[in-house]
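Residue numbers (the working numbering): 945 to 1297.
Working notes, structure below.
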Ligand SMILES: Cc1ncc(COP(=O)(O)O)c(C=O)c1O
């Protein structure tokens, strides 16, 4: 899996194209055929003239695969989270959010007008304490718990079972963005929610993107038929934004078919297992997923190590604040089904020197 930067070909360990599907022949052909048949841009919002039967077909397929009643396609993950939190909140809403949530959820919270309480990363005892406050408030605020599934910069995962239990006990809606778990977690690649056996739960909304394991572009929101119907009418980032090009949806549909019918998810998981086995001596963060961060601390140390890797033929950029908290600069290694054992051996060797 190569990337060319300023004429230098590097092994790419920085892409979220976890299954290598952006370069799969069938995915590319699906996009090309769609462009030939339909043109490229969709020309308007779906609520005006940008809609196409392909959107509805893929929404049904994605909902069925993920085990939810309904699905709504949105322009991108950023737009999905901002639009979703805005649509579901008003000034009387309380949002409880993990401190390490992705920027799209952070911005969604900011723009939602809700009262936002952030709990320390994965600290569910603290989250429960926050939920207990005002529990007898007779104004009965609407509550939402909002979390990444697999966390984008750490690679660790939320405990969906605990979060769902808290949502049930404290009368809250649970929103999980499993952009990085989809296509990577679970034997079938359905992600953390399916793995926890909670797909389709009435209090649960799942968000994900098509720009990572699907190798395409766009995003989706999954929930009950009633919830998705309401969001279709109310999400400003759907109503007032141009529809995704049909070619991106055609590519994602083909990617879903490949995920369901080939062993591409197992190939990725075998690469993750191999990397974990070879890299035990490195100072890695505790992750079992395709995101394997190596903690370096200072920005300078991370930049120096990234440069060394680049000189050795590997592309792993340094991730620094504000993307991650101060003092936790790191190399965020991402693994793909496309990597070979030789690629992984080379990277581990370069990280060891
Ligand atoms: C957890 C999470 N949600 C949402 C997004 C944004 O998705 P998109 O790139 O489709 O806007 C990302 C992107 O990195 C992400 O990591």
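For each residue, glycine too, the CB sits at the ideal point set by N, CA and C.
Check: Provide the residue span of the alpha helix (DSSP H) that contains residue 1038, from first to last.; Outcome: From DSSP, residue 1038 is part of no alpha helix (DSSP H) but of the beta strand (DSSP E) over 1037-1042.
Check: Could you tell me if the beta carbon of residue 956 falls within a distance shorter than 8 Å of some heavy atom in ligand 1?; Outcome: no
Check: Chain D beta carbons: is any one of them nearer than 9 Å to that of residue 1048?; Outcome: In the displayed structure, chain D is absent; only one protein chain is listed.
Check: Which runs of the beta strand (DSSP E) spanning at least 3 residues fall entirely within the stretch 1132-1193, listed in chain order?; Outcome: 1148-1153, 1163-1167
Check: Looking at ligand 1, does it come within less than 8 Å of residue 1101, judged from the CB to the closest heavy atom?; Outcome: no
Check: Going by DSSP in three states, residue 1279 sits in which element: helix, strand or coil?; Outcome: coil
Check: If residue 1160 sits next to residue 1196, beta carbons under 8 Å apart, how far is it from one beta carbon to the other, in whole angstroms?; Outcome: 4 Å
Check: Is it the case that the CB of residue 1280 approaches a heavy atom of ligand 1 more closely than 8 Å?; Outcome: no
Check: Using 10 angstroms around the beta-carbon of residue 1068, count the other beta-carbons present and answer buried if the total reaches 16, otherwise exposed.; Outcome: buried
Check: Can you find at least 3 beta carbon pairs, one from the stretch 1149-1165 and one from the stretch 1005-1021, that sit closer than 8 Å?; Outcome: yes
Check: Along the chain, where does the beta strand (DSSP E) containing residue 1230 start, and where does it finish?; Outcome: No beta strand (DSSP E) contains residue 1230, which DSSP labels as neither H nor E.
Check: For residue 1153, verify whether its CB is less than 8 Å away from any heavy atom of ligand 1.; Outcome: yes
Check: Heavy atom of ligand 1 less than 8 Å from the Cβ of residue 1065, yes or no?; Outcome: no
Check: Quick one, which of 1194, 955, 1209, 1127 has its alpha-carbon nearest residue 978's?; Outcome: 1194
Check: Give the straight-line distance between the Cα atoms of residue 1119 and residue 1205, rounded to the nearest whole angstrom.; Outcome: 29 Å
Check: Evaluate the contact criterion for the stretch 1260-1274 versus the stretch 1243-1251: three or more CB pairs, one atom per stretch, below 8 Å.; Outcome: yes
Check: For residue 1236, which residues does DSSP report across the bridge?; Outcome: 1277
Check: Any heavy atom of ligand 1 closer than 8 Å to the Cβ of residue 961?; Outcome: no
Check: Where DSSP assigns a beta bridge to residue 948, which residues make up the other side?; Outcome: 953
Check: Helix, strand or coil for residue 969, going by three-state DSSP, please let me know.; Outcome: helix
Check: Flag residue 1025 as yes when its Cβ comes closer than 8 Å to any non-hydrogen atom of ligand 1, and as no otherwise.; Outcome: yes
Check: Is the beta carbon of residue 1274 closer than 9 Å to that of residue 1238?; Outcome: yes
Check: What separation, rounded to the nearest whole angstrom, lies between the Cα atoms of residue 902 and residue 1050?; Outcome: Here the chain has residues from 945 to 1297 only, and residue 902 is not among them.
Check: Roughly how many whole angstroms lie between the Cα atoms of residue 1192 and residue 961?; Outcome: 14 Å
Check: Evaluate residue 1249 with the Cβ neighbour count: other Cβ atoms within 10 Å of its Cβ, from every protein chain shown; 16 or more gives buried, anything less gives exposed.; Outcome: buried
Check: State the beta-bridge partners of residue 1263 as determined by DSSP.; Outcome: 1274
Check: Return the CA-CA distance between residue 1076 and residue 1147, expressed in angstroms with no decimal places.; Outcome: 18 Å
Check: Flag residue 1179 as yes when its Cβ comes closer than 8 Å to any non-hydrogen atom of ligand 1, and as no otherwise.; Outcome: no
Check: What distance in whole Å lies between the Cβ atoms of residue 988 and residue 994, which are believed to be in contact at a cut-off of 8 Å?; Outcome: 4 Å
Check: Which same chain residues end up closer than 8 Å to residue 1033 when comparing Cβ atoms and leaving out the 5 residues on each side of it in sequence?; Outcome: 1039, 1056, 1057, 1058, 1086, 1088
Check: Can residue 1043 be considered in contact with ligand 1, in the sense that its beta carbon sits closer than 8 Å to one or more heavy atoms?; Outcome: no
Check: For residue 1277, which residues in the same chain have their Cβ closer than 6 Å to its Cβ, ignoring the five residues on either side in sequence?; Outcome: 957, 1236, 1260
Check: Please classify residue 1091: is it buried, with 16 or more other beta-carbons within 10 angstroms of its beta-carbon, or exposed?; Outcome: buried
Check: Could you pull out every unbroken alpha helix (DSSP H) segment of at least 4 residues lying fully inside the stretch 986-1034, listed in chain order?; Outcome: 997-1010, 1021-1032
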